[in-house]
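Our numbering numbers the first residue of the sequence shown as 1 and each following residue consecutively.
Backbone N, C-alpha and C define an ideal beta-carbon position, used for all residues, glycine too.
All of these numbers come straight from a predicted model, not from anything done at the bench.
Read through the structure below, which is laid out as structure tokens, and then see the notes.
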Amino acid sequence: MPVVTTDDDAPVGGPFTEFGMLALTNAGTVGFAGRTARSAVREALYVTGRAALVALAQQGQAVGEATFTTFANAAMNDDEAVVFELGRPDPIPRAVFLATRAGVRVVVAAGDAAPSGRRFRAFGIAAINSRGQVAFVAETDDGRHGIYLATPRR
Numbered sequence: 001m002p003v004v005t006t007d008d009d010a011p012v013g014g015p016f017t018e019f020g021m022l023a024l025t026n027a028g029t030v031g032f033a034g035r036t037a038r039s040a041v042r043e044a045l046y047v048t049g050r051a052a053l054v055a056l057a058q059q060g061q062a063v064g065e066a067t068f069t070t071f072a073n074a075a076m077n078d079d080e081a082v083v084f085e086l087g088r089p090d091p092i093p094r095a096v097f098l099a100t101r102a103g104v105r106v107v108v109a110a111g112d113a114a115p116s117g118r119r120f121r122a123f124g125i126a127a128i129n130s131r132g133q134v135a136f137v138a139e140t141d142d143g144r145h146g147i148y149l150a151t152p153r154r
């Protein structure tokens, strides 16, 4: 059964041209990154659940000090919350974001305090569980790497 195809128009406008970063909830909601043609917004993160296809985050959207360009390393939980990082033009992710139907916010960003007393500098893959906790790989300003756990405020 098709969920979405290149014959379909995206909520941000224009037809879909590419799909990536798939995630699937136990209820059957599909989360994905979709690219479009003939639209001012060329890429967005979508969820299919609750009867309508919805863009949770989109290219050109500003959150914190970042303006979204492309999306990388997305993961989704059963509440349809998506954690992600930005892709190009900066090849080193400088923040981890959380997108829900209520909006998008920064979970952690470069310059934030790490538990060691140092500052976070860059981030790797993130994951989110059903409690909304976000695990992420990070590098601190002294060059050390670790796996950290954050519980964003609801």
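- Cβ atoms of V83 and A126 come within 8 Å of each other, at about 4 Å.
- With fewer than 16 other Cβ atoms inside 10 Å of its own Cβ, S130 counts as exposed.
- In the three-state reduction of the DSSP assignment, I92 falls in the coil class, being assigned neither a helical nor a strand state.
- Cα atoms of R88 and F68: separation of roughly 9 Å, rounded to the nearest angstrom.
- Distance check between G49 and each of E65, A135, D78, R35 places D78 closest, using alpha-carbon atoms only.
- Counting C-beta atoms within 10 angstroms of its own C-beta, P2 has fewer than 16 neighbours from the protein chains shown and is therefore classed as exposed.
- Within the DSSP secondary-structure output, R35 pairs in a beta bridge with E18, E43.
- With a contact defined as Cβ atoms closer than 8 Å, A72 and E85 qualify at about 5 Å.
- Under DSSP, I147 shares a beta bridge with V137.
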